[in-house]
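Here the structure comes first, spelled out in structure tokens, and everything after it is commentary.
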Amino acid sequence: MSGAGAAASNKRMYTILAYVLGWLGGLIFLFVGKDDPDVKWNASQSLIIFGGLSIVIVILSFIPVVGWIAEFILFVIGFIFWVYFLVQSLQGTGQRIPAPVIGTTIAPYVDQLANAVK
1292 MSGAGAAASN
1302 KRMYTILAYV
1312 LGWLGGLIFL
1322 FVGKDDPDVK
1332 WNASQSLIIF
1342 GGLSIVIVIL
1352 SFIPVVGWIA
1362 EFILFVIGFI
1372 FWVYFLVQSL
1382 QGTGQRIPAP
1392 VIGTTIAPYV
1402 DQLANAVK
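Each position in the sequence shown, counted from 1, maps to that position plus 1291 in the numbering used here.
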């Protein structure tokens, strides 16, 4: 396999793993893929979306009934995001995958986090 083919294969694999492993994958591949801007961007987005959802879900778990219902709804939303990113990353070549609905809102934060890692 040529060097360019191997790099493209790694880029795709890193993007897939950044989303499959949720916020932990985002954190890992933010640093492992630091030489590729698209991998860093996807890893940053994974960290922000799944990390943010995880934090909110943990906080809501302490609120009886209403918190548990909201927690379940956020879990379902997180699962939908996870499936979406998994399908998109499996079909793609490692390019940036913008989040549906919230993509334009979180894009500046994703860019800021991705650019902070050198």
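For glycine and all other residues, C-beta sits at the position ideal for the given N, C-alpha and C.
- request: Counting only runs of 4+ residues fully inside the segment 1304 to 1368, write out the alpha helix (DSSP H) ranges in chain order.
  value: 1313 to 1323, 1328 to 1351
query: Whose C-alpha, out of Ser1300, Thr1306, Tyr1310, is nearest the C-alpha of Thr1372?
result: Start at 1 with the first residue of the sequence shown, and residue 1372 comes out as number 81. Checking the sequence shown, residue 1372 turns out to be Phe, not Thr. Comparing Cα positions, the closest option is Tyr1310.
query: Closest to Ile1346 by CA distance: which of Leu1365, Lys1331, Ile1360, Thr1306 is it?
result: As a first step, residue 1346 must be located in the sequence shown, where it is residue number 55. Nearest C-alpha to Ile1346: Leu1365.
query: So what's Thr1384 in DSSP terms, helix, strand or just coil?
result: If you number the sequence shown from 1, residue 1384 lands on position 93. In this structure, Thr1384 counts as coil in the three-state DSSP scheme.
- prompt: Between the segment 1317 to 1329 and the segment 1393 to 1403, do at least 3 Cβ pairs fall closer than 8 Å?
  reply: no
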